Amino acid sequence: MTSSSASTHHHGPAVGLSRWLYTTNHKDIGTLYLWFSFAMFLTGGCMALLIRAELFQPGLQLIQPDFFNQMTTMHGLIMVFGAVMPAFVGLANWMIPMMVGAPDMALPRMNNWSFWILPFAFSMMLSTLFMEGGAPNFGWTFYAPLSTTYAPPSVTFFIFAVHMMGISSIMGAINIIATILNLRAPGMSMMKLPLFVWTWLITAFLLIAVMPVLAGVVTMMLMDIHFGTSFFNAAGGGDPVLFQHVFWFFGHPEVYIMILPAFGIVSEIIPTFARKRLFGYPSMVYATASIALLSFIVWAHHMFTVGLPLVAEVFFMFATMLIAVPTGVKVFNWVATMFRGSMTFETPMLFALAFVVLFTIGGFSGLMLAIAPADFQYHDTYFVVAHFHYVLVPGAVFAIMAGAYYWLPKWCGNYYNETMGKVHFWCSFVGVNITFFPMHFIGLAGMPRRIPDYALQFADFNAVATVGAFMFGFSQLIFLYNVIHCIRKGRQASSEVWEGSHGLEWTLPSPAPYHSFSEAPKVK
Amino acid sequence: MSVQSYYVPEQSRWPILASVALFMMAYGGGSLINSLSANTGGGGGLLMLLAGALGMGLVLLGWFSNVIHESNKGLYSSQMDRSFRWGMSWFIFSEIMFFAAFFGTLFYIRNLSVPWLGGEGEKGVSNLLWQGFAAEWPLMSTPDQQAFPGPKGVIDPWHIPLLNTVLLISSSFTVTLAHKALKLGNRQRIIFWLAVTVVLGVIFLYFQAYEYAQAYNDLGLTLNAGVYGATFFILTGFHGLHVTLGTLMLIIIFLRVVKGHFSVEKHFGFEAVAWYWHFVDVVWVGLFLFVYII
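Shown next, in the form of structure tokens:
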């Protein structure tokens, strides 16, 4: 392999700003994604802290209700589309070409475009905070007619920002699928792919299937708001509930878009630190695929109280419960992998273990919510908030943290500081549970979500949750410091990095060279 | 299979320029729409939108000519070709899902929510809000005739839409004939059949515009005419936009054939456009069936 790809480009990165603006390198683009995601994580986190500060005591202290609504809306949108999704795409960019033995992503220029759309989209989204009438205030699920008839004028920019994110996600997903299907090294058959690659392949399929549906639903909103249509207005023969159906047809697969790559990361980390092969690899692949397929037929479990026909309530209840089966397979396999393993507890492993336990808690509360008659009680209470934060924060976010610690030595060639990592983990772990566990109780007691004020009986648990939120929020600064410290003067890492690591990415030196596998490796 | 080199392009300015252009289109479009709704002019937004669109056009021209140039230099292996094929296939899948959202909307409204609103079925209780409203499809009178005056008539499927169906399906055949000619290396014939395809596409668009004018001027079938008009225009409108885009793509391919691009072995750009054209055609068959006939 001496021809074009080796001879036509430089062997190292370009210098200065142009490296980041014009890059076609999967590692550079991965780095951009990850830093962007962390910036959004802090931005959305500040909004969350503002929300929690207001909720520290009953009554209105800091912010007005309308601004509170803008904060809950923007917090949700930024965390989902700006923090969690780009973080996974960043990890995919960094790791998938190395894991499958490819020289780069399949379509490198489009890869750059996928990333650079995002800063523009989020600038536009954040700029709505300074517009007349304020930012979107209808919740991240933007139900009609709140988001149509009663929306602030800035909703137009929100709609176009969502379109831009959709374009970015679809192109990113196409790139990932093309890379995995077409750029695998000789001998890397599908059933030898690392699980992170498998979960991303399935996630990318979900993205391509549902992001256009999101584009469709925001387009119908735009038409209703500005062009006189009546999709979501019964006065013209439409139906506001239609909005929820289309939105959740996107929204439920979206939930799995945010968790399947997390499953993949955890399935990489646990075998390394248990020093055993992953238990039940094929069943992991099939379970992931089953979860993805089921995700298309469960959307209305978000809408049990909206007035569905009985047959729909029953169908969506049972279909939802079916998801517990493949998810249970996964949790079982992770535990079985650890069974009688020689376990050590470095920071990535701690985050992965916390993921398994706390995600399972979130999964169980999800099963409670899946019971349609019970959901009539839980719907739109803090129990729901507790549920989805358990699957997203100690679920998706912890997995991202675990992945970041796990692969950081491969990325920058240095180990992070283990003690600082452990401190970060324990502060996050304790903080997350103090924040979200009490929400189960106040939710079951009837506290509604998205309300800036509440009855006195909820005061104690809310105060506790706020303390936990600030603890969790500020402990992320430890992570930031640790990463910067690691890049600058961490201890030199070996190629394998971890004693029990296995896979193609660990055959490359640390830091991984600018161009991973110019020559395709042989996979036995 | 021998291990071939996979071409990884050097740094490129196109993506970041495309992002700026896309941002200008989105921000300009948003400003324009908002100021039109608020009746406050909108010149700034329009200017930004047009500048963004112009920029995007230039970027795409530059980007594609870059790719064509690289392909002509022989930098692309067959593996690269497969990446392009996967990319285009999944892009078309995403387009199918985009239309699926609107078809799903149509089915839900026709079969569930309008009958419920008219008092039929399990959720017929919603008729209490609009007593006297009777469900029908096409929906000629809406629950609130003041705000959403229903259409006086709907498009007859057996005139223009039938003609358009014939036009588009024929154009699918003609583009396939052009592809066959390309595989045989008969350039005169490719040019002929591509030209026929483009002409069929343009005639289709002309009739579609004519039909829209008729709907607005004679039938009172507008975006504001209740949910029948809404579903009619969103489905046929986005389809029309896709035909427009497909026709532009065909024209570009036509010009490239005239310039001597594409060989018997390597002509992915041609095939991508042909796939897209077939996709647009298949969507039309769905439209003809579910929007016009049934």
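As you go down the protein sequences, you meet chains A and X in turn.
Read in order, the letters of the first sequence are residues 4 to 527 in our numbering.
Read in order, the letters of the second sequence are residues 103 to 396 in our numbering.
Idealized CB from N, CA, C, for every residue including glycine.
Predicted, not measured: the structure shown is a model, and the values here were computed from it.
Under a CB-based cut-off of 8 Å, is residue i close to chain X?
| i | result |
| --- | --- |
| Thr27 of chain A | yes |
| Gly471 of chain A | no |
| Gly219 of chain A | yes |
| Met194 of chain A | no |
| Val92 of chain A | no |
| His390 of chain A | no |
| His255 of chain A | no |
| Met4 of chain A | The pLDDT assigned to Met4 of chain A is 34, lower than 50, so where the model puts this residue is not dependable; a value taken from the coordinates is nonetheless given after this. For Met4 of chain A, the answer is yes, since a Cβ of chain X falls inside 8 Å of its Cβ. |
| Ala181 of chain A | yes |
| Met102 of chain A | no |
| Met226 of chain A | yes |
| Ile177 of chain A | yes |
Give a yes or no on whether the minimum CB-CB distance between residue i and chain A is below 8 Å.
| i | result |
| --- | --- |
| Val329 of chain X | yes |
| Leu230 of chain X | no |
| Tyr108 of chain X | yes |
| Arg115 of chain X | yes |
| Phe166 of chain X | no |
| Tyr314 of chain X | no |
| Phe195 of chain X | yes |
| Phe381 of chain X | no |
| Phe364 of chain X | no |
| Val105 of chain X | The pLDDT assigned to Val105 of chain X is 44, lower than 50, so where the model puts this residue is not dependable; a value taken from the coordinates is nonetheless given after this. With 8 Å as the cut-off, Val105 of chain X counts as an interface residue toward chain A. |
| Leu241 of chain X | yes |
| Ala311 of chain X | no |
Distance check for residue j and residue i, CA to CA, integer angstroms please.
| i | j | result |
| --- | --- | --- |
| Phe318 of chain A | Thr222 of chain A | 29 Å |
| His13 of chain A | Ile271 of chain X | Only weak support exists for where His13 of chain A lies, its pLDDT of 49 falling under 50; the coordinates are left without a value. |
| Phe252 of chain A | Ser368 of chain A | 21 Å |
| Leu343 of chain X | Phe306 of chain X | 12 Å |
| His281 of chain X | Tyr484 of chain A | 59 Å |
| Leu325 of chain A | Thr308 of chain A | 21 Å |
| Leu356 of chain A | Leu395 of chain A | 15 Å |
| Phe348 of chain A | Phe276 of chain A | 7 Å |
| Phe381 of chain X | Ile194 of chain X | 7 Å |
| Val375 of chain X | Tyr25 of chain A | 28 Å |
| Arg491 of chain A | Phe321 of chain A | 52 Å |
| Ser107 of chain X | Gly19 of chain A | 29 Å |
| Pro156 of chain A | Ala176 of chain A | 32 Å |
| Leu313 of chain A | Ala375 of chain A | 10 Å |
| Glu3 of chain A | His255 of chain A | The question about residue 3 of chain A has no answer here: the residues shown for chain A are numbered 4 through 527. |
| Leu1 of chain A | His304 of chain A | Residue 1 of chain A lies beyond the range of chain A shown here (4 to 527); nothing can be said about it. |
Output, in chain order, the set of chain A residues within a Cβ distance shorter than 8 Å of residue i.
| i | result |
| --- | --- |
| Ser173 of chain X | Those do not exist, as Ser173 of chain X stays about 12 Å from chain A at its closest Cβ, beyond 8 Å. |
| Thr244 of chain X | Ser233, Ala238, Gly239 and Gly240 |
Please classify residue i as buried or exposed, where buried requires at least 16 other C-beta atoms within 10 Å of its C-beta.
| i | result |
| --- | --- |
| Val105 of chain X | Caution applies to Val105 of chain X, whose pLDDT of 44 falls short of 50 and renders its modelled position unreliable; the value that the coordinates give is listed next. When all chains shown are included, Val105 of chain X counts as exposed. |
| Thr159 of chain A | buried |
| Trp429 of chain A | exposed |
| Ala164 of chain A | buried |
| Trp260 of chain X | exposed |
| Asp463 of chain A | exposed |
| Asp456 of chain A | exposed |
| Phe342 of chain A | exposed |
| Leu110 of chain A | buried |
| Tyr153 of chain A | exposed |
Kindly list, in the order they appear in chain A, the residues whose Cβ is closer than 7 Å to that of residue i.
| i | result |
| --- | --- |
| Lys368 of chain X | Going along chain A, no residue has its Cβ under 7 Å from Lys368 of chain X, so there is no contact; the nearest lies around 16 Å. |
| Asn326 of chain X | Gly231 |
So which residues on chain X does residue i lean against when the C-beta distance must stay under 9 Å?
| i | result |
| --- | --- |
| His248 of chain A | Gly206, Thr207 and Tyr210 |
| Met127 of chain A | Phe125, Ala128, Tyr129 and Gly132 |
Given that residue i touches chain X, what residues does it touch there, using C-beta distances under 8 Å?
| i | result |
| --- | --- |
| Ser21 of chain A | Gln113 |
Give the interface partners of residue i over in chain A, defined as CB-CB distance under 9 Å, in chain order.
| i | result |
| --- | --- |
| Leu156 of chain X | Under the 9 Å cutoff, chain A gives no residues; its nearest Cβ is about 18 Å from Leu156 of chain X. |
| Ile396 of chain X | None at all; the shortest Cβ gap to chain A is about 17 Å. |
Residue i versus chain X: which residues are under 7 Å apart at the beta carbon?
| i | result |
| --- | --- |
| Gly310 of chain A | Lys225 |
Scan the segment 197–223 of chain X for residues whose Cβ lies nearer than 9 Å to a Cβ of chain A and list them as they occur along the chain.
Taking a C-beta cut-off of 9 Å against chain A, the contacting residues of the segment 197–223 of chain X are Glu197, Ile198, Met199, Phe200, Phe201, Ala202, Ala203, Phe204, Gly206, Thr207, Tyr210, Ile211, Leu214, Ser215, Val216, Trp218, Leu219 and Gly223, listed in chain order.
Please list, in chain order, the residues of the segment 132–153 of chain X that have any C-beta partner in chain A closer than 9 Å.
Within the segment 132–153 of chain X, Gly132, Ser133, Ile135, Asn136, Leu138, Ser139 and Ala140 place their CB atoms closer than 9 Å to a CB of chain A, listed in sequence order.
Listed in chain order, which residues of the segment 105–121 of chain A have Cβ atoms closer than 7 Å to some Cβ of chain X?
The residues in question are Pro106, Asp107, Ala109, Leu110, Pro111, Arg112, Asn115, Trp116, Trp119 and Ile120.
Output, in sequence order along the chain, the residues in the segment 255–285 of chain X whose CB is closer than 9 Å to any CB in chain A.
The residues in question: there are none.
Can you pull out the residues from the segment 179–191 of chain X whose beta carbon lies closer than 7 Å to at least one beta carbon of chain A?
Of all residues in the segment 179–191 of chain X, Gln181, Arg184, Ser185, Trp188 and Gly189 have a Cβ within less than 7 Å of some Cβ in chain A.
Using a beta-carbon distance cut-off of less than 9 Å, what residues from the segment 235–246 of chain A approach chain X?
Within the segment 235–246 of chain A, the residues whose Cβ lies closer than 9 Å to any Cβ of chain X are, in chain order, Asn236, Ala237, Ala238, Gly239, Gly240, Gly241, Asp242, Val244 and Leu245.
In chain order, what residues of the segment 290–304 of chain A put their CB closer than 8 Å to some CB of chain X?
Here the close residues number zero.
Give, in chain order, every residue of the segment 145–171 of chain A whose Cβ lies closer than 8 Å to some Cβ of chain X.
Of all residues in the segment 145–171 of chain A, only Pro156, Thr159, Phe160, Ile162, Phe163, Ala164, His166, Met167 and Ile170 place a beta-carbon less than 8 Å from a beta-carbon of chain X.
Name the residues in the segment 258–271 of chain A whose C-beta lies less than 7 Å from a C-beta of chain X; which are they?
Of all residues in the segment 258–271 of chain A, none has a C-beta nearer than 7 Å to a C-beta of chain X.
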